[in-house]
Each structure stands twice: as structure tokens, then as C-alpha cells.
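Notes follow the structure.
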Amino acid sequence: MARTDETHLDDLRDAYRDSENASRPKRELAPELKPLEFLRYCWRQLTSMRTALFLLMLLAVAAVPGSTFPQQNNDPAGVATWMQDHPTAGPWVERLQGFHVYSSVWFSAIYLLLFISLVGCVLPRAGVHLKALRSRPPRTPARLERLPEHRAATVAAGPEEVLDAAREVLARRRFRVDRREGSVAAEKGHHRETGNLLFHLSLVGLLVAVASSSLFSYSGQRLVTVGGTMVGTTFDSFTGGVWTGQDDVPPFTLSLDAMDVSFEARQTSQIGEPRTFAAHVTLTDEPGAPAREETIRVNHPAKVGGTQISLSGNGYAPVVVVRDGQGNVVQDGPTPFLPQTGNYDSIGVVKVPDAVDAAGNPVQIGLQGVFLPSATTGADGTPVSGFPDAANPFLALQVWTGDLGLDDGKAQNVYTLETAGMQRLVGDDGQWVALSMVPGQTVQLPGGLGSVEFRDVERFASFDVRHTPGQTAALVFSLLATTGLILSLFLPRRRVWVKAVAAGGATAVTVAGLARGNDAGLAEEVEGVLRRLRGALGEPEDPGGPGAHRESPARPPVGDHEQPVPAPEGKP
602 MARTDETHLD DLRDAYRDSE NASRPKRELA PELKPLEFLR YCWRQLTSMR
652 TALFLLMLLA VAAVPGSTFP QQNNDPAGVA TWMQDHPTAG PWVERLQGFH
702 VYSSVWFSAI YLLLFISLVG CVLPRAGVHL KALRSRPPRT PARLERLPEH
752 RAATVAAGPE EVLDAAREVL ARRRFRVDRR EGSVAAEKGH HRETGNLLFH
802 LSLVGLLVAV ASSSLFSYSG QRLVTVGGTM VGTTFDSFTG GVWTGQDDVP
852 PFTLSLDAMD VSFEARQTSQ IGEPRTFAAH VTLTDEPGAP AREETIRVNH
902 PAKVGGTQIS LSGNGYAPVV VVRDGQGNVV QDGPTPFLPQ TGNYDSIGVV
952 KVPDAVDAAG NPVQIGLQGV FLPSATTGAD GTPVSGFPDA ANPFLALQVW
1002 TGDLGLDDGK AQNVYTLETA GMQRLVGDDG QWVALSMVPG QTVQLPGGLG
1052 SVEFRDVERF ASFDVRHTPG QTAALVFSLL ATTGLILSLF LPRRRVWVKA
1102 VAAGGATAVT VAGLARGNDA GLAEEVEGVL RRLRGALGEP EDPGGPGAHR
1152 ESPARPPVGD HEQPVPAPEG KP
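Just so you know, we're using the numbering used here here: the sequence shown kicks off at 602 and counts up by one.
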């Protein structure tokens, strides 16, 4: 019986629900958008400022993987190492273009959408703004006392004289003035919107400049010893843009004639600091062109067309001569050692792949060690460099023999020694061989391997060859964007009206102002106009003097969303 009552109650609820639904008006479905209307809807959504801000934020987020994963164009060795260390995730990152973030399809799509959004958002606003610049100031409201800021006074001059004086006063205060029947309307601050448009247009230009730099820029590094030569198509390392390669570098030739380097030698807190850092070079722009002498200093690069050749570093290159067991010279020349400290404690490697021992057997030799330009003894008893200049050169080398790995087909760093297939050379006393030499000294190697001579010390310079076509444009657009932002933030948009009505033998003057948004200086502007108007008419300038009248605003100041609409003249 209880179950039957519950079923009856459910039926009553369903019936009541059906009657309620039947009494409600049926909701009409929105008409289906036609293809052209749908495209217009999508365009309006894409060119809205909200979408542009969202895409700008999304672009910043999309750039994060570029700093998380090594990039192929900057660090190919790092990409190979990352792939080797992450055999499972590596192929997926490669498929998602994680090693080519800034040239990937998804990053380029966001970049292009942001560019289109900004252009579609700014250009219509620019047309509206140009129209507003040519238009007359707005009509005078019928009741100026209803505006947030207004002041009233009585003057002895006639209405026409008052309006003529008001026009001159407002013009001197940089208002656009329009004389009407019985009133003067003035407006200024249009360049606030000009600054806003300049800011957004500069962002578009900045995007174009950055894109051109990413597409057409390149950077190459080359180390050259004094007396050596570099060609514009050969580099120790090279980073090209999306559409550039080493073939796009001008075929210049640079010869390093001399290095001019000096350091602070006085016993002050600046001892050892560089004082002179210059490279004297002979530069040829292209084959067959006349050579010219240049001096490249820090922040003073040489230029070949639109390419800059800058001086990025310097160091020492000990001249090491290696003779094999047959007395043949198998290595002769300066070998750069890379500085590791401010006093130029440097490390380097000498690789000798084609030597033979005294018995005629082929052998490969690797010399690895440090060079100290001004050798001294450190606090722990180990030799260190006490000054960056070459006052007491000292070279210490370890000797390795075995397979240098040069025939494996893998790229090697010329400044490191791969010792996986090598072993330290052991002397007749069973100890590892360590060479300690000064310039002019020769040391014989045990086992009939030959000799090593430390002949002299040369200098080297590191050059950075760089072409960034969008760099100047990016700077200009950044400055323009800053200027536009300052204008849009600090330039007030104000409207001022002056009305003069005859009152007996005098004239009642009302000055009122309206600002776009909150403007703390509007009251001072209105008072200033009235004060200068009274002065121009020969009245006392003090608005608190005779004939002046101040009124408090009838309501709080309004914002952008609640501006009073002026009524036509002569109507309430």
C-alpha cells in the first residue's frame, strides 16, 4: 500500500512539472549563421583587444620551451647530448619541434595570429581617431551647472566680448576652440589616443623587427692568432636564422696583424684590469677588392656591408714544436689556450695524429695542460698566474698516447682531449710524464717518441661576426612604444565650455569642464580658465573676489562609463 502511494505521488510531481513547462514560453533557437556572417564573427573575435592580450600572454608561455630545451641552431651538441640522456622523451620532443621552438609551426602560428590581431584592432581605431581629430568640439550642454566641475562669475563686459576673450584664453591653453552662438566649446587631449595608437602600432613594428631578425640574422665566432687569417665563410661556431646560412655571410678576408693589450700594473684595487684591448687587422671586403687597415676595439666593430665584426676576447697561444721519434717536425705553430681566470690561467690541447716512434711505428700523441702568463706559487703551493700580462710564461703539459678519435667521423672540440681511448705516458721511473717548460726549453719524451719544444708565446683574438637586420628597427619601435605609453598615461583628455548670458547691465559667465576618466586636475583647469578670462576682461583674477561664485558638484565625478550627454543648445 505504501509503495502505491509513493508511485501516485511521483505521478503527481511529473504532471505538475509538465504543466509548468507547458506554461513557459518556448525558447527560440538562435538562427544559424551564414558562412559570411560566421567569418565576420570570427574576425571580430580575433581583432578584439582581449584576444590580442591573450595571444601576447600565450606567446610568452610558448617561448618557455625555448629556454628549457637546447635549440638546434644554437647548440647542436647540446641537442645530441639531451637526446642521448633522454632516449624515451627525446623523440617526442623532436616530433613536437621542441628543439626548434622559435621556428616551429605552433610558435609561428601564435606569432602570426598576434600580428593579425594587433593590426586588425589598431587600424580601425586609427581611422576613427583621424576622423575625431578633424571634427569640431562637442556642442555646449544646456545646463553647465550639472557637469562635475563648473564655476560661475559675473563680469561687466558684454557677452560677445566675453566670448572673444574666452576663445583667446582657451587657445593659449592649447585647446581646440569652436565659437558657437552664446558659448565657446573647447577640447584638448586628443593626443592621448594618439599615444595609445602609437603604442600599439609600435608593438606591431616591434613584432616585424623581431621576426626579421629571427629570419635573416646570423652570428659566427672565429679565433685567430696573430699573423693568422680568417675567411668570412669559415667559423669555429655559427648560428644562422631560419632563412640564412654561412653562404649568406659576405666573403671578406681578415688578417690579424697585431694585438694591443695592456693591463693596470699599479698596486691599486684595479691591478690587473685591462686598459687597452685592440686588434689591428687588414680587411678585404671581397675577393679582388682593395685591402684596408682597421683597428677593432671593444664597442667599436669593423663593418662589411651590414655585417659587424666585433672583438669578443683575447688570450695566449704558446708556440709548441713537436718532433717525432724520427726527428720529423709534426707540429709547429701557435696553439690557443683558453683563459679561465682574470689572470689568464689558461687551458689547452695539442693534438699530434701523424707521429712515429723511433722504431717507425705510427703513434698518436695528445698534450694537455695549462699555460700561466705570469707564473707564481699560490697559497697551496701550486703554480698559478699572478698577473694577466706575459711577465713569466710557464707551460705545464700531460702527455697521452693512443687513439685521439679523429678518425671516428664525430665532431670534436679542438680545445679538449678525448682520453677514452688513450693512456697517460709513463716514464722510465714508472711515474706519469709531466712537462714543465719555459720559452726556449725543449724536453725529450721517453720511449723514443720524440721531443716537445716551447718556443715562444703569441696572442690570439676572438672575433664575433654578426648580422642583425631588425636591431635598429626594434630600438626605434621600442622608443616609440615608450613615448606612446607616456602620452596615453599622462596626457589628460578634457572638454571645457564657456557660456555668457546677459544679466541686466552685466554678463553671467559659466565655465564648466568634463574629463575622460578620473582627472584630478580638471577643477584647477576650470578655475584657471575663469581666472585668466577675468584678467583678460580687466576684472580681478582672484575667483574668490567680488562677482565670483563657486559651486560644489551636484553629484560625484563620473567615469568613462557614465559621462553626461550634452543637450542641444537652447533646450533643457
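Where a beta carbon is used, it is the ideal one built from N, C-alpha and C, also for glycine. It should be emphasised that the depicted structure is a prediction, and the values quoted were computed from it without experimental measurement.
### Query
When DSSP builds the beta bridges, which residues end up paired with Leu996?
Phe972, Met1038
### Query
Would the beta-carbon of Leu745 fall within 8 Å of that of Ala1113?
yes
### Query
How would you label Gln1042, buried or exposed, when you count the other beta carbons within 10 angstroms and need 16 or more for buried?
exposed
### Task
Alpha carbon to alpha carbon, how far is His801 from Phe864? Give it in angstroms, no decimals.
48 Å
### Message
For Tyr945 and Asn797, what's the separation of their Cα atoms in angstroms?
### Response
52 Å
### Every unbroken alpha helix (DSSP H) within the region 1042 to 1122, with a cutoff of 4 residues, ordered by chain
1072 to 1091
### Query
How would you label Asp1120, buried or exposed, when you count the other beta carbons within 10 angstroms and need 16 or more for buried?
buried
### Message
When you compare the region 702 to 709 with the region 655 to 674, are there three or more beta-carbon pairs, one atom per stretch, that lie closer than 8 Å?
### Response
yes
### Query
Thinking just about the alpha-carbon of each residue, which of Gly1118, Phe938, Ala681 is nearest to the one in Val1015?
Phe938
### Task
On a CA-only basis, which of Ala1021, Ala1107, Leu998 is nearest Asp1009? Give me that one, please.
Ala1021
### Message
So for Ile717, helix, strand or coil by DSSP?
### Response
helix
### Message
Suppose the cutoff is 6 Å on Cβ atoms and the five residues either side in sequence are ignored; what does the same chain contact list for Phe839 look like?
### Response
Gly821, Gln847
### Query
In three-state DSSP terms, what is Tyr819?
strand
#### Entry: Rounded straight-line distance, which links the Cα of Val680 to that of Ser911
28 Å
### Under the three-state DSSP convention, the category Trp844 falls into
coil
### Query
Trp1001 and Gln1024: beta carbons closer than 8 Å?
yes
### Query
Cβ of Val1027 within 7 Å of any heavy atom in the ligand HEM?
As for the ligand HEM, it is missing from this structure, which has no ligand bound.
### Given Asn962 as reference, the closest of Leu1005, Gly1048, Gly728, Ala980 once Cα atoms are compared
Gly1048
### Message
Quick check on the DSSP output: the beta strand (DSSP E) that includes Phe853 runs from which residue to which?
### Response
Here Phe853 belongs to no beta strand (DSSP E), and DSSP marks it neither H nor E.
### Task
Taking 8 Å as the cut-off, decide whether the C-beta atoms of Gln965 and Gly1003 are in contact.
yes
### Task
Rounded to whole angstroms, what's the CA-CA distance from Ala976 to Leu1005? Just pull it up for me.
30 Å
### Query
If we call anything under 8 Å between Cβ atoms a contact, is Thr1084 one with Leu799?
yes
### Message
Quick check on the DSSP output: the beta strand (DSSP E) that includes Phe1007 runs from which residue to which?
### Response
What sits at residue 1007 in the sequence shown is Leu, not Phe. Leu1007 -> no beta strand (DSSP E), and no H or E assigned at all.
### Query
Where does Ser913 sit, in a helix, a strand or coil, going by DSSP?
strand
### Query
Between Pro935 and Glu1054, which are expected to be in contact by the criterion C-beta below 8 Å, what is the C-beta distance as a whole number of angstroms?
Not really, about 13 Å apart at Cβ, beyond 8 Å.
### Cβ shell of Asp779 (< 6 Å), same chain only, five flanking positions each side left out
Arg737, Pro738, Ala786
### Query
From Asp1029 to Glu695, what distance separates their C-alpha atoms?
53 Å
### Task
Measuring alpha carbon to alpha carbon, tell me which of Gln672, Lys732, Thr845, Leu764 ends up nearest Arg1133.
Leu764
### Query
Within 10 angstroms of its Cβ, does Tyr819 collect 16 or more other Cβ (buried), or is it exposed?
buried
### Secondary structure of Phe988, DSSP reduced to three states
coil
### Own chain residues within Cβ distance below 8 Å of Gly987, not counting five before or after
Asn944, Ser975, Ala976, Thr977
### Query
Is DSSP giving His791 helix, strand or coil here?
coil
### Exposure label - Gln672; buried when at least 16 CB within 10 Å
buried
### Task
Helix, strand or coil for Ser709, going by three-state DSSP, please let me know.
helix
### Task
Compute the beta-carbon to beta-carbon distance between Pro1040 and Leu1007, rounded to the nearest angstrom, for a pair I have assumed lies under 8 Å.
29 Å between Cβ atoms; not a contact.
### Message
Rounding to the nearest angstrom, what Cα-Cα distance links Gln698 and Thr883 in this structure?
### Response
43 Å
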